[in-house]
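Enquirer: Encoded as C-alpha cells, here's the structure I'll be asking about.
Numbering (the working numbering), first residue to last: 8 to 259.
Structure below.
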C-alpha cells in the first residue's frame with residue numbers, strides 16, 4: 008500500500024502540467040526535482056541499454072526523454088521502467104526503420120537483470136540424485152537470471168557490431184537478413200559469477216531448454232518435448248559446458 012501511494016504521489020509530481028496548487032517557490036522546487044529525477048532515469052536507461060545508446064547516439068536521449076515522461080505519468084516505479092522500454096521502442100513510429108531494435112532491447116534488459124539476479128547455490132555433484140530419485144521428484148537448477156530470448160534477428164552479432172562500432176559489418180549483416188526473414192534465433196541469457204552472458208542456442212537443443220525452464224520437474228519438462236531432435240545427453244553436456252545448468256534439486 009505504501010509503495011502504491013509513493014508511486015502515485017511521485018507520478019503527480021512528475022506531471023508536466025501541475026493539477027494542484029503550489030506557490031512559485033514550491034513550483035520551482037518541484038520542477039528542479041522533476042528534472043533531476045528524469046535525468047537520473049535517462050542515465051539509468053543508458054546504463055541498462057548500452058548498445059541501444061550507441062546505435063541511436065543523440066537520438067537515444069530524445070527517445071529516452073519521450074519514453075520517460077510518458078511512462079512516469081502512470082508508473083513511477085523505477086524498477087519497472089526499464090522493463091517497459093523495449094515495448095516503447097517497438098511502438099515508436101520514428102524507429103520503425105530499425106525493426107530489430109525492440110528485440111535487442113529485450114536482450115539488453117535480460118543481461119542487465121541477470122547481473123542482479125539472486126545466486127543459485129548448487130553443485131554438479133547433485134547430478135548424482137539422478138541415480139537414486141525418480142525424475143518426477145527432481146528439478147534442474149539453472150544459472151542466475153537464466154532466460155531464453157527468441158528473435159528473427161541474430162541479436163548477438165548485431166550487438167557485437169554495434170559495440171565495436173563496426174557500421175560496415177552491421178550493414179552487411181542486415182542486408183543478408185532479407186533472405187532469412189523466417190529464421191528464428193534462440194538465445195540464452197544468464198550470469199556466470201558476476202558477469203552476464205548471452206549465447207546462441209543450437210536449434211536441436213532449444214526444446215530441452217524451453218521445456219525444462221518452464222516446468223517444475225524434469226519429468227514434466229521432458230514429457231513436454233513431443234519430438235526430440237537431440238539426445239538428452241547432448242543437452243546435458245551443452246548445459247554443463249556453458250555453465251547454464253548448475254545442478255539438480257529434489258522438489259519439496
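Cβ atoms here follow ideal geometry from the backbone N, Cα and C, with glycine treated the same way.
None of these values were measured; they are calculated from a predicted model.
Exposed or buried, what is residue 115 when buried is set at 16 or more other beta-carbons lying within 10 Å of its beta-carbon?
Expert: The sequence position of residue 115 within the chain shown is 108, counting from 1. By the 10 Å Cβ count, residue 115 comes out buried.
Enquirer: Who are the near neighbours of residue 113 in its chain, counting only those whose CB is closer than 7 Å to its CB and skipping five residues on each side?
Expert: For the purposes of this step, residue 113 is identified with residue 106 of the chain shown, where counting begins at 1. Same-chain partners within the cutoff: 93 and 156.
Enquirer: If we ignore side chains and look at the alpha-carbon of each, how far apart do residue 63 and residue 209 end up?
Expert: The residue given as residue 63 occupies position 56 in the chain shown. The residue given as residue 209 occupies position 202 in the chain shown. Each residue's Cα considered, the two are about 31 Å apart.
Enquirer: Which whole-angstrom value describes the C-beta separation of residue 125 and residue 161, a residue pair presumed to lie in contact below a C-beta threshold of 8 Å?
Expert: Within the chain shown, numbered from 1, the residue matching residue 125 stands at position 118. Within the chain shown, numbered from 1, the residue matching residue 161 stands at position 154. No, residue 125 and residue 161 are not in contact; Cβ-Cβ is about 30 Å, not under 8 Å.
Enquirer: Taking the C-alpha atoms as reference points, what is the distance between residue 120 and residue 198?
Expert: Numbered from its first residue, the chain shown carries residue 120 at position 113. Numbered from its first residue, the chain shown carries residue 198 at position 191. Rounded to whole angstroms, residue 120 to residue 198 spans 9 Å at the Cα level.
Enquirer: For a test of the three-state rule: what should DSSP assign to residue 230, helix, strand or coil?
Expert: Counted from its first residue, the chain shown places residue 230 at position 223. Helix at residue 230.
Enquirer: Do the stretch 123 to 142 and the stretch 174 to 181 make contact, defined as three or more Cβ pairs closer than 8 Å?
Expert: no
Enquirer: Please classify residue 58 as buried or exposed, where buried requires at least 16 neighbouring CB atoms within 10 angstroms.
Expert: Position 51 of the chain shown holds residue 58. Label assigned to residue 58: buried.
Enquirer: Rounding to the nearest angstrom, what Cα-Cα distance links residue 192 and residue 70 in this structure?
Expert: Counted from its first residue, the chain shown places residue 192 at position 185. Counted from its first residue, the chain shown places residue 70 at position 63. Near 27 Å, if we compare the C-alpha coordinates of residue 70 and residue 192.
Enquirer: Could you spell out the range, first to last residue, of the beta strand (DSSP E) harbouring residue 57?
Expert: Residue mapping note: residue 57 aligns to position 50 of the chain shown, counting from 1. Segment 57 to 63 is the alpha helix (DSSP H) holding residue 57; no beta strand (DSSP E) there.
Enquirer: Within its chain, find whatever has a CB closer than 8 Å to the CB of residue 180; leave out the 5 residues flanking it on each side and keep chain order.
Expert: Start at 1 with the first residue of the chain shown, and residue 180 comes out as number 173. Excluding residues within five positions, the ones whose Cβ falls inside 8 Å are 161, 164, 165 and 168.
Enquirer: May I have a chain-ordered list of the beta strand (DSSP E) segments no shorter than 3 residues that lie completely inside the stretch 133 to 177?
Expert: 145 to 149 and 154 to 158
Enquirer: According to DSSP, is residue 191 part of a helix, a strand, or is it coil?
Expert: The residue given as residue 191 occupies position 184 in the chain shown. Residue 191: coil per DSSP, three-state reduction.
Enquirer: By alpha-carbon positions, which one of 249, 232 and 226 ends up nearest to residue 195?
Expert: Counting from one through the chain shown, the residue named residue 195 turns up at place 188. Selected option, being the one with the closest Cα: 249.
Enquirer: State the Cα-Cα distance for the pair residue 75 and residue 45, rounded to the nearest angstrom.
Expert: Walking along the chain shown from the start, residue 75 turns up at place 68. Walking along the chain shown from the start, residue 45 turns up at place 38. Each residue's alpha carbon lies about 7 Å from the other.
Enquirer: Note down the Cα distance separating residue 290 from residue 203, rounded to an integer number of angstroms.
Expert: Beyond the ends of the chain as shown, which are 8 and 259, falls residue 290; an answer cannot be given.
Enquirer: Using the DSSP secondary-structure output, state which residues sit across from residue 199 in a beta bridge.
Expert: As a working mapping, residue 199 is identified with position 192 in the chain shown. Beta-bridge pairing links residue 199 to 202.
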